[in-house]
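What follows is one structure encoded as structure tokens, with my remarks underneath.
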Amino acid sequence: MSKIVIGFWSQTGNTETMANAIGEGVIAAGKEAEVLDISKIAAKDLKDVQVFALGCPAMGVEVLEESEMEPFVEEVEKISNGKTIALFGSYGWGDGQWMRDWEDRMTAAGAKVLNGEGLICQDMPDESVLEECKNLGKQLAAI
Ligand SMILES: Cc1cc2nc3c(=O)[nH]c(=O)nc-3n(C[C@H](O)[C@H](O)[C@H](O)COP(=O)(O)O)c2cc1C
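Numbering (numbering that gives the first Met the number 0), first residue to last: 0 to 142.
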């Protein structure tokens with residue numbers, strides 16, 4: 000049974016909470032989930048993984064976190080052609096530009112972004128966002 004990898008970067012836990020809820024959705028749908036801080040994986044670990052999710056909050060000025068996540072995503076772009084990816088993350092005061100840019104990048108890298116412009120939520124995910132996360136996990140598991 001193939002595992003669905005859910006990799007995230009999170010500073011204050013909001014994106015991590017989303018990642019865990021996506022993992023719960025995967026498990027509820029009967030598949031195995033591996034929810035991992037991206038510091039614990041390398042892009043090459045995803046080379047043979049067909050379906051995965053990546054999460055990162057809006058950082059800097061509407062960008063991915065620059066010291067760990069950005070270099071990780073640059074490597075993931077090289078192996079993303081033909082893969083199905085879901086994107087998610089929390090933001091504070093912006094309008095989601097970082098996520099639209101991220102979706103464009105992954106699409107340009109040849110990936111199919113499962114959830115359009117990504118699943119985003121302001122600050123801490125509430126119950127309805129957690130439900131959306133679980134549904135996203137179920138969608139990932141159904142591929
Ligand atoms: C250094 C820094 C830069 C940030 N830049 C943005 C930004 O450009 N746009 C935005 O909407 N939120 C921004 N935020 C807010 C975070 O995205 C928000 O607090 C988010 O919930 C953090 O998610 P996390 O708990 O997963 O780390 C920034 C936060 C920090 C600490």
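Idealized CB from N, CA, C, for every residue including glycine.
Values in this document were obtained by computation on a predicted structure and should not be read as measured data.
- Taking 7 Å as the cut-off, the Cβ atoms of Glu23 and Lys2 do not count as close.
- In this chain, the alpha helix (DSSP H) harbouring Cys132 covers 126-140.
- With a cut-off of 8 Å on Cβ pairs, the segment 112-121 is not in contact with the segment 64-78, counting fewer than three such pairs.
- By the neighbour-count definition (other C-beta atoms within 10 Å, threshold 16), Val60 is an exposed residue.
- DSSP lists no bridge partner for Phe71.
- Short note on Glu61: C-beta closer than 6 Å to some heavy atom of ligand 1.
- In the DSSP secondary-structure assignment, Leu86 is bridged to Leu53.
- Using a Cβ-Cβ distance cut-off of 8 Å, the segment 87-94 and the segment 42-51 are not in contact, since fewer than three pairs of beta carbons, one from each stretch, lie closer than that value.
- Contact annotation, Ala42 with Phe7: C-beta distance approximately 14 Å; criterion of less than 8 Å not satisfied.
- The alpha-carbon separation between Leu53 and Gln10 amounts to approximately 15 Å.
- Listed in chain order, the non-local C-beta contacts of Lys77 below 8 Å within the same chain comprise Ala42, Ala108, local neighbours out to five positions each way being set aside.
- Assignment of Ala107 by DSSP, reduced to helix, strand and coil, places it in the helix class.
- Less than 7 Å separates the beta-carbon of Val34 from that of Asn19.
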